[in-house]
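Colleague: In the numbering used here, the protein residues as written are 659 to 941.
Let me give you the structure first, and then I'll get to my questions.
This is how it looks when you write it as structure tokens:
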């Protein structure tokens, strides 16, 4: 196989459903190669030979890696045959996984196009969580916090909102509240029983950098106020950590963590929290 030395390559993602699975897998692999960039060609809802013909024309014109999820064996066989003729590596991202499942379970799968996107209870749980999270962003409606699964606390620019939205996409109802110097905590906080409360913090340097970028992006005219003063920011963070420790809330340093990593840690903490609540209810 010829190795590519250009700064980019073509990545063809062929799916009979939405293509979300392929995009996740393809991007997770492509990001491991810092010196080249993927030019994505995404083909969702490919369910007929005519639709596949258009895909094959595009692949032939722009040779590259081909990943696919096609339930129809005639379509997948034709795609792999043509890719072999074009000299393009071609892989079904689900077949190896399904083969392992079949070997372990001793039963063949029942092909269902886009089955992972069916409107089941989990889907509606995610929608409910997203609605709740959007309504309870940035300290809103504290009287409803007892309904939350998770409440995130932290000073400004500790990724509370994006982490909340990511968690909501996993079906976790998440509220968040900024800690602002001179602003008292809402009294509802002392009454909460169900939610897991998690404190987020980052290094002063990181917070200052994000806040300065935020000001620039908004074209705001702001002097070196306490919002971006390193000493003042360091005290904000120290005060937040004192609060977290005094309340015995778990804390997460988000300085070098991605949103996904932070969310994974929170989900792990939430499982322990739910077990603890269940054990207390049984006593």
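Glycine is no exception: its CB is placed at the ideal position from the N, C-alpha and C atoms.
#1: For residue 792, which option in 841, 740, 825, 709 has the closest C-alpha, if you only look at C-alpha atoms?
#2: By a C-beta neighbour count over all protein chains shown, 10 Å radius and 16 as the cutoff for buried, is residue 789 buried or exposed?
#3: Residue 714 and residue 740: beta carbons closer than 7 Å?
#4: To which residues of the same chain is residue 931 closer than 6 Å at the C-beta, ignoring the five residues directly before and after it?
#5: Looking at the unbroken beta strand (DSSP E) that takes in residue 796, where does it start and where does it end?
#6: Taking buried to mean at least 16 other C-beta atoms within 10 Å of its own C-beta, is residue 694 buried or exposed?
#7: Give me the Cβ distance between residue 700 and residue 671, rounded to the nearest whole Å; I'm assuming they're in contact under 8 Å.
#8: Using the rule of at least 16 other Cβ atoms within 10 Å of the residue's Cβ for burial, across every protein chain shown, is residue 862 buried or exposed?
#9: Give the range of the beta strand (DSSP E) segment to which residue 837 is assigned.
#10: Considering only their Cβ atoms, is the gap separating residue 727 from residue 752 smaller than 7 Å?
#11: Pair every Cβ in the region 823-840 with every Cβ in the region 908-921, then say whether three or more of these pairs are closer than 8 Å.
#12: Please return the same chain residues whose Cβ sits closer than 8 Å to the Cβ of residue 780, not counting the five positions on each side in sequence.
#13: Quick one: what's got a C-beta closer than 6 Å to residue 806's C-beta in the same chain, skipping five residues either side?
#14: Note the first and the last residue of the continuous alpha helix (DSSP H) segment covering residue 748.
#15: Near residue 697, what residues of its chain come up, given a Cβ to Cβ distance below 8 Å and the 5 sequence neighbours on each side ignored?
#16: Find the nearest neighbour of residue 683 within the set 746, 742, 750, judged by alpha-carbon distance.
#17: Taking the alpha-carbon positions, what's the residue 900 to residue 691 distance?
#18: What are the partner residues of residue 698, as DSSP defines its beta bridges?
#19: Rounded to the nearest angstrom, what separates residue 797 and residue 835 at their Cα positions?
#20: Based on DSSP bridge pairs, tell me the residues matched to residue 811.
#21: Under 7 Å between the Cβ atoms of residue 926 and residue 910?
#22: Taking residue 866 as the reference, which of 888, 859, 758 has the closest Cα?
#23: Any idea what DSSP makes of residue 722, helix, strand or coil?
Modeller: The answer reads as follows:
#1: 825
#2: exposed
#3: yes
#4: 854
#5: Careful: residue 796 lies outside any beta strand (DSSP E) and carries neither H nor E.
#6: exposed
#7: 5 Å
#8: buried
#9: It is not in any beta strand (DSSP E) - residue 837 carries neither H nor E in the DSSP assignment.
#10: yes
#11: yes
#12: 829
#13: 831, 833, 853
#14: Here residue 748 belongs to no alpha helix (DSSP H); instead the beta strand (DSSP E) covers 748-750.
#15: 666, 667, 668, 669, 720, 722
#16: 750
#17: 41 Å
#18: 669
#19: 4 Å
#20: 835, 857
#21: no
#22: 888
#23: strand
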